[in-house]
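Structure, as structure tokens:
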Amino acid sequence: MLGELFSEEEMEDSRIIAGCDEAGRGPLAGPVVAACCVLPPDFPFEILNDSKKMSEKERLKAEEIIKEKAIAWSLSAVSNEVIDEINILRASLLAMKLSYLKVKRKIKPDLLLVDGNKTPDVDIMVKAVVKGDAKVAEIMAASILAKNERDRIMLLADELFPGYGYRKHKGYPTKEHTESIKKYGSNIITRTSFHLKSENLSPQSLLL
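Residue numbers (this note's numbering): 408 to 615.
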């Protein structure tokens, strides 16, 4: 896979590779969470997969192994308030950059690979890999960590804001979630810049 992305010279200069991914770009509530991972050559890569194709049990088990065996890993979250201020794309890239900077405190990678088609502003060579969470081991690992961490945040949100169904839909724009916003209005983790497609209502309009 990496041989398809880089020249031989670039590969020689990229001895330490980090992968980065985020979870939570699409929801109507909660933060966007990013993770960054550097894996050793002897990592059990067979446990990794696209996090969207893994069961919760598989993701949690993989997370334990990633955190135990990774050379370095980190997590960063950017709040819904910041998302509303700078937009979700910039917030996602910011979360990735913050995660990279945390990893850099332990080990400085030579190359950062990120999922998608946009890259954060970092001080090393960085490349975007479309569907990287299904292709690149380091991105897969980051995707698993980010997904699990954001799920935990939304489980806590479910306890703080009962009635919204966060435990079930994790803030994504399901019918149950949009109906709960119409019924109860916005709360402090609602992304007011995200519009509800149903009846062309936005969470912010429900406060008026």
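Glycine included, each C-beta is placed from N, C-alpha and C at the ideal position.
Helix, strand or coil at residue i [DSSP, three-state]
i, result
"Asp565", "helix"
"Lys504", "helix"
"Arg557", "helix"
"Asp428", "strand"
"Leu435", "coil"
"Asp530", "coil"
"Asp522", "strand"
"Thr585", "helix"
Residue closest to residue i, alpha-carbon to alpha-carbon, out of the options
i, options, result
"Val439", "Ser483, Leu567 and Phe601", "Ser483"
"Arg422", "Pro434, Leu446, Asn555 and Lys589", "Leu446"
"Arg557", "Ile514, Gly437 and Ile490", "Gly437"
"Val537", "Ile595, Lys575 and Asp457", "Asp457"
"Ile551", "Arg432, Lys460 and Pro451", "Lys460"
"Ile595", "Leu567, Cys443 and Phe450", "Leu567"
"Ser432", "Thr585, Tyr579 and Ile588", "In the sequence as displayed, the identity of residue 432 is Arg instead of Ser. Checking every option, the nearest Cα to that of Arg432 belongs to Tyr579."
"Cys443", "Pro569, Ser499, Asn524 and Asp565", "Ser499"
Beta-carbon gap between residue i and residue j smaller than 8 Å
i, j, result
"Tyr507", "Leu520", "no"
"Leu455", "Ala544", "yes"
"Leu496", "Arg598", "no"
"Lys534", "Ala479", "no"
"Ala425", "Ile473", "no"
"Ser481", "Lys509", "yes"
"Glu583", "Lys575", "yes"
"Asp491", "Ser600", "yes"
Near the ligand NAP: residue i beta-carbon under 7 Å from a heavy atom
i, result
"Lys589", "What this structure holds is no ligand at all, so the ligand NAP is not there to describe."
Cutoff 8 Å: residue i Cβ touching any chain D Cβ
i, result
"Pro447", "The structure shown has no chain D; it contains just one protein chain."
Proximal residues to residue i (C-beta, below 6 Å), its chain only, five neighbours per side dropped
i, result
"Asp522", "Asp428, Gly539, Asp540 and Ile546"
"Met561", "Gly437, Tyr573, Lys577 and Gly578"
7 Å Cβ shell around residue i - same chain, five flanking residues per side excluded
i, result
"Ala502", "Glu429, Val439, Val440, Ala441, Ser483, Ala484 and Val485"
"Asn555", "Arg466, Leu467 and Glu470"
"Ile493", "none"
"Val529", "Lys504, Tyr507 and Leu519"
Cβ neighbours of residue i in the same chain (closer than 8 Å, five flanking residues each side left out)
i, result
"Pro451", "Ile472 and Lys476"
Open item on the list: Which complete alpha helix (DSSP H) runs does the segment 437-510 hold, if anything under 4 residues is left out?
Closed with: Runs of the alpha helix (DSSP H) inside the segment 437-510: 463-476 and 487-493.
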